[in-house]
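Have a look at the structure below, then the notes.
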Amino acid sequence: MLNSAMRGLWADHMQWTWSSVDAFFHNPKGLQAQLDRLLQNQKDIGAAIVPYYGQDAATQLTDLLTTHIKDAVPVLTAAQKGDNAALEKASDEWYRNAKEIADFLTKANPDNWPTSATEPMMKTHIDQTIAYSVDLLKGNYAQAVKDYDAAELHMLMMGDTLAQGIIAQFPDKF
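Laid out in structure tokens, this is it:
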């Protein structure tokens, strides 16, 4: 049950990230609705860990994930403007936040989510999001779909890793 719930939350994360990125580049009028739904997903993910890690941890994760979404905006803006210096700076911030999320996960569950797993997992997520975002920006839709498919698969595996880690850490709750 936890595994399917986590998969659903992270699949939603992917769906609403794609929708928000596409709206950012191609449908500015629709962006706010997409972004609002994506930001709600970050709250939903945080709420999912309350039974295991408590409200304080859930709030911290929600805040980190909300920053993760907000940090994408300068990346997309710089890419759209072709401003490589701003893109590099914004990307560095986005990767910094990804490391903070990885550190949070490792601290919460070091035996099952070691740094050697969480940091590459989060870095790959950013790498793949940048790849399909650039594809969308350039109008290379077939490649965007291919890159998104890889990103979605990665995110589902991440959801599995998180669920399996929680189950291993709290076996009495399952």
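In terms of our numbering, the sequence shown opens at residue 159 and continues consecutively.
Glycine included, every Cβ here is placed at the ideal spot set by N, Cα and C.
Where the alpha helix (DSSP H) through residue i begins and ends
i	result
Met279	273 to 296
Met172	160 to 184
Asp330	Careful: Asp330 lies outside any alpha helix (DSSP H) and carries neither H nor E.
Check whether residue i and residue j have beta carbons under 8 angstroms apart
i	j	result
Thr217	Leu196	no
Ala260	Glu277	yes
Leu234	Val303	no
Ala266	Thr287	no
Gly317	Leu223	no
Phe328	Tyr253	no
His283	Asn255	no
What are the uninterrupted segments assigned as alpha helix (DSSP H) that are 4 or more residues long and contained completely in the region 221 to 262, given in chain order?
-> As far as the region 221 to 262 is concerned, its whole alpha helix (DSSP H) runs of at least 4 residues are 230 to 239.
Please list the segments of the alpha helix (DSSP H) lying wholly inside the region 188 to 216, counting only runs of 4 or more residues, in order along the chain.
-> Residue ranges of uninterrupted alpha helix (DSSP H) with 4 or more members are absent from the region 188 to 216; none lies entirely inside it.
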